[in-house]
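A short write-up of the structure that comes next.
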Amino acid sequence: MNRIATRAALRLAVLGFALGILATPTWAIGTRATTAITNTARVDFKDVNGNSLFANSNTVSTTVSQVGGALVDPDNTKTVAPGTTWYYPHTVTNTGNFDDSANITAVSGHAWAITIYKDVNGNGTYEAGTDTVLTDSAGDPDAIPDSGLLGNDGTMKILVAVTVPAGTADGTVDVVTVVGTSVFDPTKTDNALDTTTVTAPNMAVVKSVAPVGAQPPGTTLTYTVVVTNNGTGAANTVVMTDPIPTNTTYQAGTITYNAAARTDAADVDNADYNVTNAGKITVNVGALAAAGGTATITFQVKIN
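Quick note, the sequence shown lines up with residues 62 to 365 if you use this note's numbering.
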C-alpha cells in the first residue's frame, strides 16, 4: 500500500466514524499471513428412486503468504531558535499482514544532529529518564534502529530530536526525512517530513557622523549609531561598544540613548564612557524585539 492509498484509507475510516459506523480502522494488507483458506465443493443429486444423495470433493487449501508494509506519520513543522533541540512525534505502523519490524532512519538536509527516541508512554513529549534512544532490536547486520516486532496493524510511538546548531542564520529551513522500512520486505517503505524553520536575531548596525565631509581641528562631531534587529527572533543582552577615534577627545556628558541623556558613569542608566571598556562608549541595549526592534545611540567628540 503506497502512501497515497494509506492516506485515502484513513480518510475513509474517519468518514465512516462520522457516519456512526462502528468499525475499527485498520491499515493491514488483507488477511493475516499463515491463515489457511480451505474449501470443499458438494454435489447434491437423486438416484432413480428419488433418494437424495450428495458427494463432496476433496478439500483444497491455500495458505496466506506474508506481505510487508510500514507507515510513518505525521509530517511536522516547527519554528525553532538556534541552539535548541526540538522533539518531533511520530507513529510507526506495521501495515503488513503479519508480525514485522520497521527499520527507522532520520536524515537532516543540513546534516544537523538527529537522535531517535522511543516515546515510552506515547504522549508525544520527550521525558528525560523515561524515553530511551531507539536501538536495533532485530539484530540486523546493518544495526539500524527499529520498532521492534509489531503485529499487523501494531504501532509504536517515536520522537525524532532535531538539534539546531547555535549561530544558524535566521530563516534557515531544514527538512528531516524520517523513513520506516519493513524488515521482512525492504522494498516497502514510507516517510514523514519534519520541517524546521530557524527564527533568529539578525542585527544591523548603521553609524553616521555630522557634519559630513572634511572638517578642521576644533570641530565637534556627532556620531549616531542605530542598532536594528531585522530577524524573526528576539535579540537578548545586546551591548554596543564604540571606541573614541584617535586624534579626537570625547565630549563629556554627550551620550544619548533613544534621545534620552545618559551619564558617563557606571550608574543606574545603561551607558558609560571609559568605565566598562577603557576608551570606549558602552551601552547595554538589552533586548531588541524581532522584526524591527531598534535602539539609537549618539555621542560627541572634538577633533584635536
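Built from N, CA and C at the ideal position, the CB exists for glycine as well.
| With a CB to CB cut of under 8 angstroms and the five nearest residues on each side skipped, what residues in its chain are close to residue 254? | Taking residue 254 as the centre and dropping the five residues before and after it, the same chain places the C-beta of 136, 137, 236, 237, 238 and 239 closer than 8 angstroms to its C-beta, in chain order.
| Residues bridged to residue 361 [DSSP beta-bridge criterion] | Note: residue 361 sits in a beta bridge opposite 283.
| message | residue 315 and residue 332 - do their beta-carbons sit closer together than 8 angstroms? | response | Cβ atoms of residue 332 and residue 315: not closer than 8 angstroms.
| request: Run through the stretch 176-224 for me and flag every whole beta strand (DSSP E) of 3 or more residues, listed as ranges in chain order. | output: Listed in chain order, they are 216-224.
| field | Opposing strand residues paired with residue 147 [DSSP bridges] | value | Answer by DSSP bridge pairing, in chain order: 223.
| Do you know offhand how far residue 357's Cα is from residue 288's? | One Cα belongs to residue 357, the other to residue 288, and the distance between them is close to 6 angstroms.
| said: Whole angstroms are fine: how far does the CA of residue 217 sit from the CA of residue 183? | reply: Each residue's alpha carbon lies about 8 angstroms from the other.
| task | Output the residue ranges of the beta strand (DSSP E) runs that lie fully inside the stretch 237-300 and measure 3 residues or longer, sorted by chain position. | result | When DSSP assignments are scanned along the stretch 237-300, the uninterrupted stretches of beta strand (DSSP E) that are 3 or more residues long and fall wholly within it turn out to be 250-259, 264-271 and 281-290.
| field | Three-pair Cβ contact test at 8 angstroms for the stretch 97-111 versus the stretch 121-131 | value | Output reads yes: the stretch 121-131 touches the stretch 97-111.
| Beta-carbon proximity check, residue 310 vs residue 267, cutoff 8 angstroms | In terms of Cβ geometry, residue 310 and residue 267 do not form a close pair [threshold 8 angstroms].
| query | Who are the near neighbours of residue 82 in its chain, counting only those whose CB is closer than 8 angstroms to its CB and skipping five residues on each side? | reply | Residue confidence is low: residue 82 scores 36 on pLDDT, short of 50, so the model does not pin down where it sits. Its coordinate-derived value is still stated next. Nothing meets the Cβ criterion.
| If we ignore side chains and look at the alpha-carbon of each, how far apart do residue 354 and residue 292 end up? | Cα-Cα distance, rounded: 9 angstroms.
| said: Whole angstroms are fine: how far does the CA of residue 317 sit from the CA of residue 359? | reply: Rounded to the nearest angstrom, the two C-alpha atoms are 5 angstroms apart.
| said: Taking 8 angstroms as the threshold (C-beta atoms), are residue 181 and residue 197 in contact? | reply: Not in contact: residue 197 and residue 181 (Cβ atoms no closer than 8 angstroms).
| query | Would you call the CB atoms of residue 203 and residue 244 closer than 8 angstroms? | reply | With respect to residue 244, residue 203 sits apart: the two C-beta atoms are not nearer than 8 angstroms.
| task | Please list, in chain order, all residues of the same chain as residue 167 whose beta carbon is under 6 angstroms from its beta carbon, the five residues on each side excluded. | result | Contacts found: 175, 177, 221, 237 and 239.
| said: Alpha carbons only, please: which of 190, 265, 283 and 113 is nearest the one belonging to residue 273? | reply: Looking at the Cα atoms, 283 is the closest of the given residues.
| Could you give the C-beta distance for residue 305 and residue 340, rounded to a whole number, given that I count them as a contact under 8 angstroms? | Contact between residue 305 and residue 340 holds: CB atoms are separated by about 6 angstroms, below the 8 angstroms threshold.
| query | Opposite residue 165 in the DSSP bridges: which residues? | reply | Among the bridge pairs identified by DSSP, residue 165 is matched with 241.
| task | Can you tell me the Cβ-Cβ gap for residue 225 and residue 145, rounded? I've got them flagged as a contact below 8 angstroms. | result | Yes, residue 225 and residue 145 are in contact; Cβ-Cβ is about 5 angstroms, under 8 angstroms.
| query | So, helix, strand or coil for residue 313, using DSSP? | reply | The answer is coil: DSSP assigns residue 313 none of H, G, I, E or B.
| query | Cβ of residue 312 within 8 angstroms of Cβ of residue 285? | reply | Contact flag unset, no.
| query | When you compare only the Cα positions, how much space is there between residue 269 and residue 322? | reply | Approximately 19 angstroms, taken between the alpha carbons.
| field | Range covered by the beta strand (DSSP E) that runs through residue 115 | value | It spans 113-117 - the beta strand (DSSP E) in which residue 115 sits, taken as one unbroken run.
| query | Is residue 100 helix, strand or coil when you go by DSSP? | reply | Under the three-state reduction of DSSP output, residue 100 falls in the strand class.
| query | Who are the near neighbours of residue 262 in its chain, counting only those whose CB is closer than 6 angstroms to its CB and skipping five residues on each side? | reply | For residue 262, where only same-chain residues beyond five positions count, the Cβ hits under 6 angstroms are 290, 292, 294 and 296.
| Buried versus exposed, by CB contacts within 10 Å (16 or more), residue 195 | Classification of residue 195: buried, given that the 10 Å Cβ count is 16 or more.
| field | Assigned exposure category for residue 84 - 16 Cβ within 10 Å defines buried | value | A caution first: residue 84 carries a pLDDT of 42, below 50, which makes its placement in the model unreliable, though a value can still be read off. Taking all protein chains shown into account, residue 84 has fewer than 16 neighbouring C-beta atoms within 10 Å of its C-beta and is therefore exposed.
| said: In the DSSP assignment, the beta strand (DSSP E) including residue 134 goes from what residue to what residue? | reply: Where residue 134 is concerned, the enclosing beta strand (DSSP E) stretches over 131-134.
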